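Q: Residue numbers (our numbering): 68 to 284.
There's a structure below that I have some questions on.
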């Protein structure tokens with residue numbers, strides 16, 4: 068325990084460590100894409116805007132191979148900051164944790180074995196609904212199936228993701244559910260005002276409290 072530093076709630080942190088000590092872990096890595104990421108200034112999850120669509124596939128490949136196959140280098144921000152997948156890979160290898168990739172709507176598929184959900188990339192929520200209603204229900208249903216299957220095979224299922232623009236769409240869902248939430252950013256200077264503007268525009272289309280309708284927008 069001396070090599071573990073806990074931030075935030077120390078008591079809950081220690082309790083979590085005790086409950087998960089000597090347990091088996093499984094890491095599920097979800098890849099997807101939202102056209103919201105193409106809004107200028109919303110993300111830097113890729114040094115070149117034209118390469119944004121490769122980000123999630125490249126991250127998945129790096130976790131498995133230690134290098135990327137879809138592009139020549141690991142995803143980076145314009146100022147040279149590398150993908151957080153580096154930290155994830157180190158953590159997974161240090162703990163000998165197996166990893167499964169789940170494709171939930173990527174534009175570019177990773178060059179490795181993965182679980183395919185048959186979903187489409189999300190649309191730009193500043194302009195239209197992210198998904199068709201039927202596709203939203205399919206995503207939730209398939210997510211439950213995969214979650215139960217993977218969860219039953221391990222003591223602790225960890226869920227990670229690589230979705231350019233994903234914090235903005237996540238903010239939209241949280242606000243849609245009435246939560247006064249804030250989200251982080253891939254940039255040192257979080258474009259909070261831009262994210263709020265995009266989410267407010269998207270939620271103007273929402274005239275229902277149905278959870279599926281909220282996620283669809």
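We put the beta carbon where it would ideally sit given N, CA and C, even for glycine.
These figures come from a predicted structure and were not determined experimentally.
Is residue 274 buried or exposed, if buried means 16 or more other CB atoms sit within 10 Å of its CB?
A: So residue 274 counts as exposed.
Q: Does the distance from the C-beta atom of residue 182 to that of residue 99 stay below 8 Å?
A: It is not a contact, given that the beta carbons lie outside the stated cut-off.
Q: Less than 8 Å separating the beta-carbons of residue 140 and residue 177?
A: It is not a contact, given that the beta carbons lie outside the stated cut-off.
Q: Measure the C-alpha to C-alpha separation of residue 142 and residue 122 and round it to an integer number of angstroms.
A: Roughly 6 Å separates the two Cα atoms.
Q: I need the DSSP call for residue 154, collapsed to helix, strand or coil.
A: In the structure shown, residue 154 sits in a helix (DSSP, three-state: H, G or I).
Q: Name, in chain order, the residues that DSSP records as bridge partners for residue 224.
A: In the DSSP output, where bridge partners are listed per residue, residue 224 has 93.
Q: Does the separation of the CB atoms of residue 94 and residue 227 fall below 8 Å?
A: Yes.
Q: Residue 124 and residue 173 look like a contact to me (Cβ under 8 Å); what is the Cβ gap, rounded to whole Å?
A: Residue 124 to residue 173, Cβ: 6 Å. Contact.
Q: Comparing C-alpha positions only, which one of 157, 237, 150 sits nearest to residue 251?
A: Ranking the options by Cα distance to residue 251, first place goes to 237.
Q: From the DSSP output, which residues share a beta bridge with residue 78?
A: In DSSP, residue 78 forms no bridge with anything.
Q: Leaving out five residues before and five after residue 137 in sequence, what residues of the same chain have Cβ atoms less than 8 Å from its Cβ?
A: Correct list, in chain order: 121, 124, 125, 128, 175, 177, 178.
Q: For the beta strand (DSSP E) that contains residue 170, what are its first and last residues?
A: Here the beta strand (DSSP E) through residue 170 covers 166-170.
Q: Under 8 Å, do residue 268 and residue 189 count as touching if we go by C-beta distance?
A: No. Outside cutoff.
Q: For residue 143, write down the residues that DSSP places opposite it in a beta bridge.
A: Residue 143 is bridged to 149.
Q: Below 8 Å between beta carbons: does that hold for residue 206 and residue 241?
A: In this structure, residue 241 does not lie closer than 8 Å to residue 206 by Cβ.
Q: Give the straight-line distance between the Cα atoms of residue 91 and residue 214, rounded to the nearest whole angstrom.
A: Near 16 Å, if we compare the C-alpha coordinates of residue 214 and residue 91.
Q: For a test of the three-state rule: what should DSSP assign to residue 267, helix, strand or coil?
A: Looking at residue 267 - three-state DSSP - the assignment turns out to be helix.
Q: Using three-state DSSP, classify residue 122 as helix, strand or coil.
A: Residue 122 falls in the helix class under three-state DSSP.
Q: Which same chain residues end up closer than 7 Å to residue 243 when comparing Cβ atoms and leaving out the 5 residues on each side of it in sequence?
A: Here the set comprises 270, 273, 281, 284.
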